[in-house]
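*Asks:* Throughout the sequence shown, residue numbering follows mature numbering (1 follows the signal peptide of the UniProt record, and there is no 0), covering -26 to -1, 1 to 421 in sequence. One structure follows; several queries about it will come next.
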Amino acid sequence: MLKQYYLISILIILLSGCNLNDSSHAKNSDITKEPLTWLPNAGNATAEFNPDFPFLQFIPDLDLTGLTNASQGRELFIAEWTAAPGTRPLLDGLGPLTITSACSDCHLAVGRATSLNANGEVGVGLLFRLGNPFGHSDPFYGGQLQTAATSGNSEGQVSWAFDENDKPIFTLVTHQLALTEGINLGPRLSPQLVGIGLLDLVSDNDILSREDVQDLNSDGISGRAHWHTINGEKMLGRFGWKAMQPTLRHQSAGAMQQDMGLTTSLNPTEPCTELQTICNDQPNGGSPEVSDNSLAAINDFLTLLAVPERRISNQDEFDQGARIFANIGCSDCHQPTLTTANSDKYPLLSNQVIYPYTDLLLHDLGHDLNDNVKEGDAQPSEWRTPPLWSLGLIEKIKGSRFLHDGRATTIEEAITWHGGEALTANNNFKALPAVEKKKLLSFLRSI
Ligand code: HEC
Ligand code: HEC
């Protein structure tokens, strides 16, 4: 314990020495500073980079004793679930309304699942919330569109096209009712799952200490926590593009219900509204369809996923890229480090300094990224800062895209859509000399 405390103190000293959170925006004057000190990007959860299979890897050298659930969780995550009654009772209950039949169809081991396909069709990697700027969902279809059905009619499909500003516009194609007037399609791209167990273990206080709701320091950045009340308990949202889910357990149960039509003790109902009869017409796979044991197993699997190590070819340029990232204001939201809290269940993941490049807070990203769908307490233009670690690994993979609706095909393009609180950082980025832009992008591709 003492040793741990001693190490942490050293780390804090080292990190404060880096001053990567410097928001003074001193213009590139410090680019020639001495080398920065870096810890492994995910502490004990850092894994050797495996180009064939970068994501969905267990933490290396994991002692799975006492964590036997995790391997089963992996099976449940990659399994094809089927409609009830199925030949494998553990894996039945899919649908009747669903999007696809496996978690791993959307969360790939390589890159991001396809989204804006060239033929105007939408790939499985993009799903749609249904809502309006006041937080109402569609009275018939509910809060999320299910584009497939195990039997009977799905709710419909979505087609897309770019408007004159290269912003994707989505249209519901259905044989059933049109969307209720004023209800919009809110696209959500499936993220790659990296270090989410670590993010689950960051304390609420660590996140809250980064809030600046009223922008008291006048830097134009006003991150705020997304609070939810779940069964009477106030919980801090941290997962998803709008921080809609407070824990991995809630996130998984939400995915099971809304993406796969699977009920759990957390969400005991199918994704049907009272006006939809299809869910009552079809047999179900038990009440609930996914046991608490299965949910816990998936949770263990997700918690123990590793983060690929950094891929740095030139340390000096990497350091310069990191400084540019801080100097132009990216790190005001994409904050380099967080620290995990103590965890009795996962001691290996306790008290780790990690580099996800997020504050897990909501920010207003401006008009261009407004989709006219309010979710929970998050306004249509508010988004949770997404973690940036491992992002470079997906840029070259065919079909992978960036931002909540997949409109950007490269990291650079994703940056240039930033507005609202991030407009200054975006303008600073655009104003960078080409050689510095290159260093920044190369840094982003290596973290
Ligand atoms: C149809 C595609 C799809 C399927 C199937 C799916 N997900 Fe997801 N997943 C998403 C999308 C989209 C998001 C972002 C959701 C949001 O923004 O609210 C997400 C978010 C997540 C996150 C949070 C990631 C983060 O960085 O915040 C986790 C964890 C997750 N899913 C786990 C699962 C599990 C476990 C399953 C299977 C039970 C599953 N997902 C099935 C599309 C999918
Ligand atoms: C005000 C907070 C804020 C600032 C400043 C900011 N970002 Fe972001 N960034 C976000 C949010 C929020 C999103 C998600 C927006 C969306 O998808 O609609 C995002 C998305 C991204 C993405 C795409 C992530 C993905 O998973 O697809 C990249 C890359 C990125 N930012 C890089 C940068 C860089 C580089 C800078 C500095 C030039 C920067 N950001 C400045 C908040 C910020």
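From the three backbone atoms N, C-alpha and C, an ideal C-beta is built for every residue, glycine too. In this text the structure is predicted, and so the values were computed from the model without any measurement.
Sort GLY235, GLY40 and ASN205 by Cα distance to LEU119 and report the nearest one.
*Replies:* Numbered from its first residue, the sequence shown carries residue 119 at position 145. Nearest of GLY235, GLY40 and ASN205 to LEU119, Cα basis: GLY235.
*Asks:* Can you name, in chain order, every residue of its own chain whose Cβ lies under 8 Å from the Cβ of LYS141, other than the five neighbours on each side?
*Replies:* Locating residue 141 in the sequence shown gives position 167, counting from the first residue. Same-chain partners within the cutoff: ASP342 and ARG381.
*Asks:* Determine the direct distance from the alpha carbon of PHE102 to that of PRO161, and round the result to whole angstroms.
*Replies:* Position 187 of the sequence shown, counted from the start, is the residue given in the question as residue 161. Position 128 of the sequence shown, counted from the start, is the residue given in the question as residue 102. Taking the straight line joining both Cα atoms gives about 5 Å.
*Asks:* Could you check the C-alpha separation between PRO257 and LYS372 for me, to the nearest Å?
*Replies:* Taking the first residue of the sequence shown as position 1, residue 257 is located at position 283. Taking the first residue of the sequence shown as position 1, residue 372 is located at position 398. Using only the alpha carbons, I get a separation of about 39 Å.
*Asks:* Based on the DSSP secondary-structure assignment, which residues constitute the bridge partners of ILE421?
*Replies:* The count along the sequence shown starts at 1 and reaches residue 421 at position 447. Answer is none; ILE421 lacks a bridge partner.
*Asks:* Roughly how many whole angstroms lie between the Cα atoms of MET209 and PRO407?
*Replies:* The sequence position of residue 209 within the sequence shown is 235, counting from 1. The sequence position of residue 407 within the sequence shown is 433, counting from 1. The alpha-carbon atoms of MET209 and PRO407 are separated by roughly 44 Å.
*Asks:* Alpha carbons only, please: which of LEU367, GLY126, ARG358 and PHE51 is nearest the one belonging to LEU377?
*Replies:* Position 403 of the sequence shown holds residue 377. That would be ARG358, whose Cα lies nearest to the Cα of LEU377.
*Asks:* If we count the other Cβ atoms within 10 Å of its Cβ and call it buried at 16 or more, is THR203 buried or exposed?
*Replies:* Working through the sequence shown from its first residue, we reach residue 203 at position 229. Result: exposed.
*Asks:* Determine the direct distance from the alpha carbon of THR384 to that of ILE421, and round the result to whole angstroms.
*Replies:* As a working note, residue 421 is residue 447 in the sequence shown. As a working note, residue 384 is residue 410 in the sequence shown. Whole-angstrom Cα-Cα distance: 15 Å.
*Asks:* Across the region 111 to 131 and the region 318 to 330, are there enough close Cβ pairs to call them in contact, namely three or more that are closer than 8 Å?
*Replies:* They do not touch, by the three-pair rule.
*Asks:* Count Cβ pairs between the region 256 to 273 and the region 96 to 115 that sit closer than 8 Å; are there 3 or more?
*Replies:* Because the criterion of three Cβ pairs below 8 Å is not met, the region 256 to 273 and the region 96 to 115 do not touch.
*Asks:* Report the rounded CA-to-CA distance for LEU(-12) versus PHE299, giving the unit in angstroms.
*Replies:* Along the sequence shown, one-based indexing puts residue -12 at 15. Along the sequence shown, one-based indexing puts residue 299 at 325. Bear in mind that a pLDDT of 44 at LEU(-12), under 50, signals an unreliable position, so the number given afterwards is only what the model happens to contain. Taking the straight line from one Cα to the other gives about 16 Å.
*Asks:* Is any heavy atom in ligand 1 found nearer than 8 Å to the beta carbon of PRO25?
*Replies:* On the sequence shown, position 51 is the one that residue 25 refers to. No, the Cβ of PRO25 stays beyond 8 Å of every heavy atom of ligand 1.
*Asks:* Taking buried to mean at least 16 other C-beta atoms within 10 Å of its own C-beta, is VAL187 buried or exposed?
*Replies:* Here the question's residue 187 lines up with position 213 in the sequence shown. So VAL187 ends up on the exposed side.
*Asks:* Using the Cα positions of GLU369 and PRO113, report the straight-line distance between them to the nearest angstrom.
*Replies:* Here residue 369 is taken as the residue at index 395 of the sequence shown, counted from 1. Here residue 113 is taken as the residue at index 139 of the sequence shown, counted from 1. Cα to Cα, GLU369 sits roughly 38 Å from PRO113.
*Asks:* Once you ignore the five residues that flank VAL157 on each side, which residues in its own chain have a CB closer than 6 Å to its CB?
*Replies:* Along the sequence shown, read from residue 1 onward, the residue named residue 157 stands at position 183. Note that residue 157 corresponds to Ile in the displayed sequence, not to Val. The answer, listed in chain order, is LEU104, ASN106 and ASP112.
*Asks:* So, under 8 Å CB-CB, LEU163 and GLY99 are touching, yes? Tell me the CB distance rounded to an integer number of Å.
*Replies:* As a first step, residue 163 must be located in the sequence shown, where it is residue number 189. As a first step, residue 99 must be located in the sequence shown, where it is residue number 125. Right, the Cβ-Cβ distance comes to about 6 Å (below 8 Å), so this counts as a contact.
*Asks:* Which two residues bound the contiguous alpha helix (DSSP H) that contains ARG284?
*Replies:* By 1-based counting over the sequence shown, the position of residue 284 is 310. Looking at the DSSP string, ARG284 is not in any alpha helix (DSSP H), and its letter there is neither H nor E.
*Asks:* In angstroms with no decimal places, state the Cα-to-Cα distance between ILE286 and THR39.
*Replies:* Looking up residue 286 in the sequence shown gives position 312. Looking up residue 39 in the sequence shown gives position 65. Taking the straight line joining both Cα atoms gives about 34 Å.
*Asks:* Looking at the unbroken beta strand (DSSP E) that takes in ALA135, where does it start and where does it end?
*Replies:* By one-based count along the sequence shown, residue 135 stands at place 161. Residues 131 to 136.
*Asks:* Rounded to whole angstroms, how far is the Cβ of TYR115 from the Cβ of THR238, which I believe are closer than 8 Å?
*Replies:* Numbered from 1 along the sequence shown, position 141 holds the residue referred to as residue 115. Numbered from 1 along the sequence shown, position 264 holds the residue referred to as residue 238. So it is not a contact: roughly 21 Å between Cβ atoms.
*Asks:* Can you tell me whether DSSP reads THR390 as helix, strand or coil?
*Replies:* Translated into positions along the sequence shown, residue 390 becomes position 416. Helix, per DSSP.
*Asks:* Confirm, please, whether the CB-CB distance from ASN43 to ASN346 is below 9 Å.
*Replies:* Indexing the sequence shown from 1 puts residue 346 at position 372. Indexing the sequence shown from 1 puts residue 43 at position 69. No, they are not a contact pair.
*Asks:* Where does GLU244 sit, in a helix, a strand or coil, going by DSSP?
*Replies:* Against the sequence shown, residue 244 aligns to sequence position 270. Residue state, collapsed to three classes: coil.
*Asks:* Residue 425 and TRP201 look like a contact to me (Cβ under 8 Å); what is the Cβ gap, rounded to whole Å?
*Replies:* Because the chain is modelled from -26 through 421, residue 425 falls outside the range shown and cannot be assessed.
*Asks:* What did DSSP end up calling GLY214 once you bin it into helix, strand or coil?
*Replies:* Position 240 of the sequence shown, counted from the first residue, corresponds to residue 214. Coil at GLY214, not helix or strand.
*Asks:* Does the contact criterion of 3 or more C-beta pairs under 8 Å hold for the region 289 to 308 versus the region 71 to 79?
*Replies:* No, the region 289 to 308 is not in contact with the region 71 to 79.
*Asks:* So, using beta-carbon positions, are TYR331 and LEU362 closer together than 9 Å?
*Replies:* Taking the sequence shown and counting its residues from 1, one reaches residue 331 at position 357. Taking the sequence shown and counting its residues from 1, one reaches residue 362 at position 388. Yes, Cβ-Cβ distance for TYR331 and LEU362 is below 9 Å.
*Asks:* So the candidates are GLY171, PHE136, ASP174 and ALA296; which of them puts its Cα closest to the Cα of ALA92?
*Replies:* On the sequence shown, residue 92 is found 118 positions in, with the first residue counted as 1. Selected option, being the one with the closest Cα: PHE136.
*Asks:* Say yes only if the C-beta of GLY303 is nearer than 8 Å to one or more non-hydrogen atoms of ligand 2, and no if none qualify.
*Replies:* Within the sequence shown, residue 303 is the residue found at index 329, counting from 1. Checking the Cβ of GLY303 against ligand 2 gives yes.
*Asks:* For a test of the three-state rule: what should DSSP assign to ILE195, helix, strand or coil?
*Replies:* Against the sequence shown, residue 195 aligns to sequence position 221. In the structure shown, ILE195 sits in coil (DSSP, three-state: anything other than H, G, I, E or B).
*Asks:* Thinking PHE417 and GLY228 are a contact (beta carbons under 8 Å), I'd like their distance in whole angstroms, please.
*Replies:* Within the sequence shown, residue 417 is the residue found at index 443, counting from 1. Within the sequence shown, residue 228 is the residue found at index 254, counting from 1. Not quite, the Cβ-Cβ distance comes to about 34 Å (not below 8 Å), so this is no contact.
*Asks:* Within 10 angstroms of its Cβ, does SER364 collect 16 or more other Cβ (buried), or is it exposed?
*Replies:* On the sequence shown, residue 364 is found 390 positions in, with the first residue counted as 1. SER364 is buried by the Cβ-count criterion.
*Asks:* Rounding to the nearest angstrom, what Cα-Cα distance links GLU54 and ALA21 in this structure?
*Replies:* Translated into the one-based positions of the sequence shown, residue 54 becomes position 80. Translated into the one-based positions of the sequence shown, residue 21 becomes position 47. Between GLU54 and ALA21, the C-alpha separation is close to 27 Å.
*Asks:* Along the chain, where does the alpha helix (DSSP H) that runs through ILE298 open and close?
*Replies:* Position 324 of the sequence shown, counting from 1, holds the residue named residue 298. That run of the alpha helix (DSSP H) goes 289 to 301.
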